[in-house]
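There are 2 protein chains.
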Amino acid sequence: MSKIVVDPRKRPRQRRSEATVDAILEAAARILESDGLDALTTNAVADRAGVSVGSLYQYFPGKTALLAELIRRERGALVRRIAATAAKPASNLEADVAAFIDAAVAHQLTRPALARALDFLEPTLPLDAESSTLNANLADIVSAFLMRHGVTAPEQAARDLIALTKGMVDAAGMTGETDHAGLSSRVTRAAVGYLLR
Amino acid sequence: MSKIVVDPRKRPRQRRSEATVDAILEAAARILESDGLDALTTNAVADRAGVSVGSLYQYFPGKTALLAELIRRERGALVRRIAATAAKPASNLEADVAAFIDAAVAHQLTRPALARALDFLEPTLPLDAESSTLNANLADIVSAFLMRHGVTAPEQAARDLIALTKGMVDAAGMTGETDHAGLSSRVTRAAVGYLLR
DNA sequence: TCCCAATGTGAGCATTAGCTCTTATTCTGG
DNA sequence: CCAGAATAAGAGCTAATGCTCACATTGGGA
């Protein structure tokens with residue numbers, strides 16, 4: 018294992034190189050999903066992406082940077098989803114919470130094994146400011162929303178609700194559950210119970 | 018990485034060898050806690066345990082078996098705690114749920130980083146029958162308890178409650194939270210909300 | 001006390017991981 | 001259409017990892 022580098026990578030300038038980068042990230046995601054962390058080697062990723070190791074290292078200074086970028090993309094998609102939901106509130110706490118959770122469930126249940134792996138990896142990665150910000154965004158959006166509804170200790174509540182949701186959805190995903198609506202309503206029950214008591 | 022062997026290990030017959038085994042497991046736990054999965058190498062474990070690699074391999078046929086045993090012990094302790102709680106019910110759903118959660122929080126908050134790592138590792142390990150049983154025990158105890166209280170879909174509810182608790186406690190542990198009672202009551206709020214709605 | 005099984009040691013082997021570097025190929029702007 | 005920049009390739013280096021094995025030490029029953 019080398020120095021832990023997370024960001025300084027070369028940016029793709031042509032079309033084909035963007036495709037290479039995407040292929041690499043997708044290959045990494047698939048390996049994580051199907052074979053787990055141990056199988057995620059740079060050679061394996063390059064192989065699965067149909068690319069040479071050299072190409073991989075052209076865009077990612079190391080394995081860690083690759084993982085960091087994967088997390089950035091996934092997390093970014095989730096944050097955008099949640100932000101979009103927050104943009105059209107029903108000003109009814111319960112309905113809004115349900116909407117948030119619906120978005121989160123939809124996201125995490127799309128690729129459950131991947132979501133679970135990244136959730137675990139994320140805190141172990143020395144993410145740079147930009148990504149930590151993205152991350153804080155999730156908690157901040159929820160926290161701001163809760164504050165608007167007069168919830169006490171909104172930051173703590175936001176962390177708790179996010180953790181509760183992650184926990185339930187990751188577990189459900191692992192048992193192969195696909196009933197999005199059912200899961201969503203169960204998580205909502207717990208979340209609303211947490212808030213209104 | 019070699020074949021995945023989880024159980025067939027030599028049993029210690031003398032006192033000192035039991036001490037060796039304990040030292041090895043404790044060293045593994047500490048490395049997991051402080052340096053993470055990547056740092057958990059067999060040589061590192063032996064070093065930290067003040068033992069030679071040879072001794073490690075005398076009792077564990079491989080790294081996987083070592084992890085499996087760690088999980089067995091930790092999980093076993095949790096299951097015993099929960100079982101003890103289940104043995105003296107208050108026949109009041111809310112109080113009993115609170116008692117369960119108290120036990121779980123006490124356990125997971127003792128060594129939060131370790132608990133989190135093992136929670137993640139557990140499903141990736143090909144545990145043998147004995148340990149899967151230990152595992153099922155947790156869900157079964159909770160499930161039986163819920164059924165006694167007339168909860169519908171008790172297995173699913175048990176899985177959900179366990180996941181919700183794990184999620185919240187792992188997250189709290191990671192932020193350095195130490196307020197056992199406060200955390201416990203917040204988890205209970207969510208759990209009771211889940212059940213009574 | 002003595003002997004043999006149980007236990008402990010650690011150098012070192014085979015493999016594989018992460019990564020570099022040289023060379024080949026493909027774009028793109030002029 | 002050409003030159004140089006960007007991109008891709010992949011053999012192979014270094015270090016580390018999982019693990020073995022030949023040997024040394026210890027302990028407990030006869």
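Going line by line, the protein sequences match chains A and B. Heads up: the first sequence is residues 18 to 214, going by the working numbering. Heads up: the second sequence is residues 18 to 214, going by the working numbering. All residues carry an ideal CB built from backbone N, CA and C; glycine is no exception.
Using beta-carbon distances, glycine 53 of chain A counts as an interface residue toward chain B, with a partner under 7 Å. Distance check between lysine 80 of chain B and each of B:Thr192, B:Ala56, B:Arg214 and B:Ala103 places B:Ala56 closest, using alpha-carbon atoms only. Using beta-carbon distances, leucine 131 of chain A does not count as an interface residue toward chain B, since no partner is under 7 Å.
Sorting A:Ala116, A:Ile158 and A:Arg65 by C-alpha distance to the C-alpha of threonine 205 of chain A places A:Ala116 at the top. For glutamine 31 of chain A, the secondary structure class from DSSP, reduced to helix, strand or coil, is coil. Around the CB of aspartate 187 of chain A, 16 or more other CB atoms lie within 10 Å, so the residue is classed as buried. Judged by DSSP secondary structure, serine 72 of chain B falls within the alpha helix (DSSP H) whose first and last residues are 70 to 76. With its beta carbon less than 7 Å from one in chain B, proline 140 of chain A belongs to the interface. Taking CB atoms only, arginine 214 of chain B has a neighbour in chain A less than 7 Å away. With respect to the 7 Å criterion, leucine 135 of chain B and glutamate 172 of chain B are not classified as neighbours on the basis of their beta carbons.
Contacts with chain A at 7 Å (Cβ-Cβ) do not include arginine 47 of chain B.
Looking at the backbone, the Cα of alanine 44 of chain A and that of arginine 32 of chain B are separated by about 49 Å.
Not one beta carbon of chain B lies nearer than 7 Å to the beta carbon of glycine 193 of chain A. Close partners of methionine 164 of chain B in chain A (Cβ separation under 9 Å) are lacking, with about 17 Å as the shortest Cβ gap. None of the residues of the stretch 116 to 128 of chain B has a beta carbon lying less than 9 Å from any beta carbon of chain A. Put simply, the backbone Cα of valine 62 of chain B is about 15 Å away from that of leucine 131 of chain B.
Boundaries of the alpha helix (DSSP H) around glutamate 172 of chain A: 171 to 191. The alpha carbon of aspartate 157 of chain B has as its nearest neighbour, out of B:Asp177, B:Pro143, B:Pro140 and B:Asp145, the alpha carbon of B:Asp177. Scanning the stretch 68 to 155 of chain A from its first residue to its last, the whole alpha helix (DSSP H) runs of 4-plus residues come out as 70 to 76, 80 to 104, 110 to 127 and 129 to 138.
For alanine 198 of chain B, the enclosing alpha helix (DSSP H) has its first and last residue at 197 to 212. DSSP places alanine 63 of chain B inside the alpha helix (DSSP H), whose first and last residues are 59 to 66. Residues of the stretch 158 to 188 of chain A that bring their beta carbon within less than 9 Å of a beta carbon in chain B comprise Gln173, Ala174, Arg176, Asp177, Leu178, Ile179, Ala180, Leu181, Thr182, Lys183, Gly184, Met185, Val186, Asp187 and Ala188, in sequence order. For alanine 207 of chain A, the chain B residues whose C-beta falls within less than 8 Å of its own C-beta are Asp177, Leu181, Ala207, Ala208, Gly210 and Tyr211, listed in chain order. The residues Asp113, in chain order, have a CB closer than 6 Å to that of proline 106 of chain A in the same chain once the five nearest residues on each side in sequence are set aside.
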